[in-house]
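Please read the structure below before turning to the comments.
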């Protein structure tokens, strides 16, 4: 991943975050000096791995205190996918199915509290949260659960943001206070063409600023280790995220 010309020096560490359900192994990276806006990162179904550490480090170099968590810590320490992003989905599906709306709420509270306990985090600044693939709904639940903390939220090829169920993530939008970026994969949009309109309407009704856009790329195009990684479109989505953070996490 390209390093920005004005990249800050950062400290990286492997950390353990205590939650009501156990101990979560995670990666924490922040600039070497000062206090900065916090960002909580929810990985895709392949979990906490090198690609997500790279993205977390890159984000920290732009001036943020970043926590990338292992979403499956209740079951297994990272790495949780035997072949990283090349792992067959059936192998990791049981891990994803071990999580639900309640575990996501529990985790959102615990992870944000941990970030707020760190000297590298400026609590006077709003926090951000970003998620990829199955991390999309987790971003929505985080933005609703700790609404007063989260000022910016981004989903990249988020799966299942709009469902027919009573616990559909989009139904939480009225509880949120964040500005949003929803970067939707072309393949997901073809499968569920109305989802983007439902999201736009819900954000508008809640009077939340939101950029909901379909990218000409396949589901999974953002992390640099996926089989469908699209450098140009991933950089475009990353750039839009930085613009949002600069505005909303000041």
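Residue numbers (this note's numbering): 431 to 680. Glycine included, each C-beta is placed from N, C-alpha and C at the ideal position.
* Asked: Given a threshold of 16 other Cβ atoms within 10 Å of its Cβ, counted over all protein chains shown, does residue 537 qualify as buried or as exposed?
  -> buried
* Below 7 angstroms between beta carbons: does that hold for residue 513 and residue 478? -> no
* Asked: If you drop the 5 nearest sequence neighbours on each side, which residues of the same chain put their C-beta closer than 7 angstroms to that of residue 484?
  -> 431, 654
* Let me know the secondary structure DSSP gives residue 509 once reduced to three states. => coil
* Asked: At which residues does the beta strand (DSSP E) containing residue 643 begin and terminate?
  -> 640–645
* To do: Provide the residue span of the alpha helix (DSSP H) that contains residue 523, from first to last.
  => 519–527
* Asked: Can you give the Cα-Cα distance for residue 644 and residue 588, rounded to whole angstroms?
  -> 11 angstroms
* **residue 455: first and last residue of the uninterrupted beta strand (DSSP E) it sits in** => 452–461
* 7 angstroms Cβ cutoff met for residue 636 and residue 604 -> yes
* Report all residues from its chain with a CB closer than 6 angstroms to the CB of residue 501; omit the five preceding and five following residues, and keep chain order. => none
* In its own chain, which residues sit with a C-beta less than 6 angstroms from the C-beta of residue 663, not counting the 5 before and 5 after it? -> 645, 647, 651
* Can you list, in chain order, the residues of its chain whose CB lies under 7 angstroms from that of residue 671, leaving out five sequence neighbours each side? -> 560, 584, 611
* Any idea what DSSP makes of residue 603, helix, strand or coil? -> helix
* Rank 503, 474, 460 by C-alpha distance to the C-alpha of residue 448 and give the top, closest one. => 503
* Put residue 494 into one of helix, strand or coil per three-state DSSP. => coil
* Does the Cβ of residue 539 lie closer than 6 angstroms to at least one heavy atom of the ligand FAD? -> With respect to the ligand FAD, the structure offers nothing, as it holds no ligand at all.
* Asked: Secondary structure at residue 442, three-state DSSP: helix, strand or coil?
  -> strand
* Considering residue 472, what are the terminal residues of the beta strand (DSSP E) in which it resides? -> 468–472
* To do: Starting from residue 611, trace the beta strand (DSSP E) both ways and give me its first and last residue.
  => 609–615
* Pick out whichever of 628, 548, 615 has its Cα sitting closest to the Cα of residue 660. => 615
* Pull up the distance between the alpha-carbon of residue 552 and that of residue 629, whole angstroms please. => 31 angstroms
* **Residue interval of the beta strand (DSSP E) (run including residue 557)** => 557–562
* To do: Specify the secondary structure class of residue 581 as computed by DSSP and reduced to three states.
  => strand
* Nearest-angstrom Cα distance between residue 564 and residue 439? -> 31 angstroms
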